[in-house]
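Here's the structure we're looking at; comments come further down.
There are 2 protein chains.
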Amino acid sequence: MKPNTISEPNINVALKEIQDFSKIAVSVDCVIFGYDGKNLNVLVLESDMDPYKSQWSLIGDLVSPDEDLDQAALRILRERVGFTDVYLEQVKSFGSLTRHPLGRVITVSYYSLISKVDHMPSAVLPLPAKWVNVYDIKKMAFDHKEILDAALDRLRKRVRYIPIGFNLLDPEFTLSQLQNLYESILNQTLDKRNFRKKITAMDFLTDCHKFQQEVAHRPAKLYKFDIEKYHALEASGFVFEL
Amino acid sequence: MKPNTISEPNINVALKEIQDFSKIAVSVDCVIFGYDGKNLNVLVLESDMDPYKSQWSLIGDLVSPDEDLDQAALRILRERVGFTDVYLEQVKSFGSLTRHPLGRVITVSYYSLISKVDHMPSAVLPLPAKWVNVYDIKKMAFDHKEILDAALDRLRKRVRYIPIGFNLLDPEFTLSQLQNLYESILNQTLDKRNFRKKITAMDFLTDCHKFQQEVAHRPAKLYKFDIEKYHALEASGFVFEL
DNA sequence: TCAAAAGTGTTAATGATACACCCATGT
DNA sequence: ACATGGGTGTATCATTAACACTTTTGA
Chain Z
1 MKPNTISEPN INVALKEIQD FSKIAVSVDC VIFGYDGKNL NVLVLESDMD PYKSQWSLIG
61 DLVSPDEDLD QAALRILRER VGFTDVYLEQ VKSFGSLTRH PLGRVITVSY YSLISKVDHM
121 PSAVLPLPAK WVNVYDIKKM AFDHKEILDA ALDRLRKRVR YIPIGFNLLD PEFTLSQLQN
181 LYESILNQTL DKRNFRKKIT AMDFLTDCHK FQQEVAHRPA KLYKFDIEKY HALEASGFVF
241 EL
Chain C
1001 MKPNTISEPN INVALKEIQD FSKIAVSVDC VIFGYDGKNL NVLVLESDMD PYKSQWSLIG
1061 DLVSPDEDLD QAALRILRER VGFTDVYLEQ VKSFGSLTRH PLGRVITVSY YSLISKVDHM
1121 PSAVLPLPAK WVNVYDIKKM AFDHKEILDA ALDRLRKRVR YIPIGFNLLD PEFTLSQLQN
1181 LYESILNQTL DKRNFRKKIT AMDFLTDCHK FQQEVAHRPA KLYKFDIEKY HALEASGFVF
1241 EL
C-alpha cells in the first residue's frame, strides 16, 4: 500500500497510439477516496491538457486489450499511486461524444477506499497527485466532476447498507472516529448515542481491549472490524443500515 | 411504441468491420423488461453464434463512434424492437476478456421498462425476439445471464425508492395490478392492505373516476400516475419505499 | 481546575407488520 | 346463489429520533 514511482505512458501518449486502430477508446477513471481523520478526500491530478490545463482530474488510463475492467482499475491504482489491496467498486460508464478533447473515449468509473491517508502525505505520492477535500471541489477537468458526484452518491448509498467504511480507517479505531467518518461521507451530523447504539447492536466490532494513548482527554476504547462476524450476519440476510 | 421491421447490420457483421480498426469494441446490451399482467418478462433473442447457438441473448449492438451511450441504447430499442419513449437506465459495464467469442467487446448494460406487453405479442415483434418470464431463465448466451441478474437487482432496488413501476403498466391501472407488478418484480407477496395504505399515503396516484369493465367480479377503481405530484414530492426530499 | 472528548438510557413518535370480513359484479 | 377479486381498519411490535449529564485524561 505504499506509493511507488512510475513511468507509464499517460493517457495522452497512449491515445494517439490507439487512434490509429480504433474509433472508440475505453478508459477507466478511479475516484480514490481517502480519509484524513477529519475530512473525506479525493486523490486528484493537475490536468495538463487543454482546455482543462491546471484543473483537477481523476486518475485514469486507457484499458489495454488484454486486461478486463477490474484489472485495469487495479493496475491504475498500483502503477499510478502504488495502492494495492484496496476496496474497489465500479460505478458507471460515461460516453458523451465530447467528453474528451482528443477523441472518442468511453470511460468506466470506479471508486476505491484508502485508509491511512495521513500516512501518505502528497509529497510521497508520485507528483502531482494531491488529496483534496471532496467538498472543496466545485469543478474538474473533462466530465470528472460528474464522475466524482456519481461515485460519492454511490458511496453514500453503499455505506448505509454495508460496512465498507472501515476501509478508510486504521485497523484499530475509536467509535468517535467511525462516527466522524460517516458524518464526512454523508455530509451530516449524527447523534452520538444513537450511532453507537446501532453500531454496537450490529455486532461486527471487536473490542481490542486497548485505549487511545496520549490524548488530552479521556482515552477512547479501540475497536476493530470483525469480518468473520460481518460475513455471518450477511449470510443470515441481515441488512446494515445507518 | 410499436415494433417495426428492421434490417440493421447485426453485431456479428459489424464486429468484423470494427476489428480492422480497433482492439476493443464497445457495445450496449439492453435488458428489456415487460409485464404481461401476470409475470415479469424479458425480451430476448435466440443467439445464432457459436458456442451459444440457440441460447437466449439480450438485445444489443455495437456503439457507433458518433453516438453516446444513451443514444446507442435508445437506437437499439428503436431499431431492433420499435420501442420509443421508454424508461431507460444504465446498469453497469462488463469487460471480461473472454466474454465475446469474436473478440474483445466491452459492453455497457441498460435496462428498460415497457408497458402493454400484452399488446405486443411476440408475433408482432421482429423475429426471433421473444418475451420470456424472468424467473424461467436459468442460462443465457455470453455473460447475458449475469447482465440480466445485475439489471434485475438494480430494478428491485430502484422500485423501492422511486415509482418507476408505472412504466410497466397501462396508463390507467388498478391497485391490484400495481401490487401484482411489485410482487413480480420483488418476487415476494405483499399484504394487500399495507400495500394500499402505503401507495395511497404517497399521494401520487390520481383517481380516474372510472372502473374496470366486464370483469366477473366487483370492478376495481382505475388510477393513473400523477407525475406532477411525484415531482413535487421528490423536490421536497421525500423517499418512496415499498 | 480546566478543557476536551468519552461514555451512557429513557421516552416519545413514527413506521412496519399481522390479520378477517363484507362488497359488487358476471355467470 | 355462487365464484371471483375489490375494498377496508385496528392493534401490536419494532425502529428511529430527540435529548443531558458524568467520567477520564493531559495540560
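Protein chains in written order, with my numbering: chain Z, 1 to 242; chain C, 1001 to 1242. We treat Cβ as the ideally placed atom computed from N, Cα and C, and that holds for glycine. All of these numbers come straight from a predicted model, not from anything done at the bench.
Chain C residues whose Cβ lies nearer than 9 Å to that of residue i
i	result
Val-108/Z	Lys-1092, Ser-1093, Gly-1095, Ile-1106, Val-1108
Opposing strand residues paired with residue i [DSSP bridges]
i	result
Glu-1089/C	Tyr-1111/C
Leu-205/Z	Phe-225/Z
Phe-1035/C	Correcting the residue identity first, residue 1035/C is Tyr in this sequence and not Phe. For Tyr-1035/C, which the question treats as bridged, DSSP gives the partners Leu-1040/C.
Glu-172/Z	Lys-224/Z
Ser-1027/C	Leu-1062/C, Thr-1107/C
Phe-1195/C	DSSP, once it has assigned bridges, lists no residue as partnering Phe-1195/C.
Phe-1211/C	Lys-1221/C
Phe-94/Z	Thr-107/Z
Classification of residue i by the beta-carbon crowding that lies within 10 angstroms, buried from 16 upward
i	result
Asp-1143/C	buried
Cys-1030/C	buried
Asp-1061/C	buried
Lys-1092/C	buried
Lys-2/Z	In this prediction, Lys-2/Z has a pLDDT of 34, which is less than 50 and means its spatial position is unreliable; what the coordinates show is noted afterwards. Classification of Lys-2/Z: exposed, given that the 10 Å Cβ count is below 16.
Arg-104/Z	buried
His-100/Z	buried
Gln-177/Z	buried
Ile-1162/C	exposed
Arg-80/Z	buried
Val-1215/C	exposed
Ile-227/Z	exposed
Ser-54/Z	exposed
Leu-1097/C	exposed
Asn-41/Z	buried
Tyr-1135/C	exposed
Leu-1102/C	exposed
Ala-232/Z	exposed
Tyr-230/Z	buried
Ala-1235/C	exposed
Thr-200/Z	exposed
Thr-107/Z	buried
Glu-1008/C	Model confidence at Glu-1008/C stands at a pLDDT of 36, short of 50, so the residue's coordinates are unreliable; what they give is reported in the following sentence. It counts as exposed.
Glu-17/Z	Its pLDDT being 41, under 50, Glu-17/Z is placed unreliably in this model, and the coordinates cannot settle the point.
Chain Z contact residues for residue i, given Cβ-Cβ distances below 9 Å
i	result
Leu-1069/C	Ser-93, Phe-94, Gly-95, Ser-96, Ile-106
Limits of the beta strand (DSSP E) - the one that residue i falls within
i	result
Asp-1048/C	Per DSSP, Asp-1048/C belongs to no beta strand (DSSP E) and is neither H nor E.
Lys-130/Z	130-133
Residue i, enclosing alpha helix (DSSP H) - first and last residue
i	result
Ile-59/Z	No alpha helix (DSSP H) holds Ile-59/Z; the beta strand (DSSP E) holding it covers 59-62.
Ser-151/Z	Per the sequence shown, the amino acid found at residue 151/Z is Ala instead of Ser. Its alpha helix (DSSP H) spans residues 144-161.
Gln-307/Z	No statement about residue 307/Z is possible, as the shown extent of chain Z runs from 1 to 242 and does not include it.
Beta-carbon neighbours of residue i, restricted to chain C and to distances below 7 Å
i	result
Val-26/Z	Ile-1024, Val-1026, Ile-1106
For the segment 199-209 of chain Z and the segment 139-154 of chain Z, state whether three or more C-beta atom pairs, one from each stretch, are separated by less than 8 Å. Flag = no, the segment 199-209 of chain Z and the segment 139-154 of chain Z do not touch.
Does the segment 1164-1179 of chain C come within contact of the segment 1213-1225 of chain C, defined as at least 3 CB pairs closer than 8 Å? Result yes; three or more Cβ-Cβ pairs closer than 8 Å.
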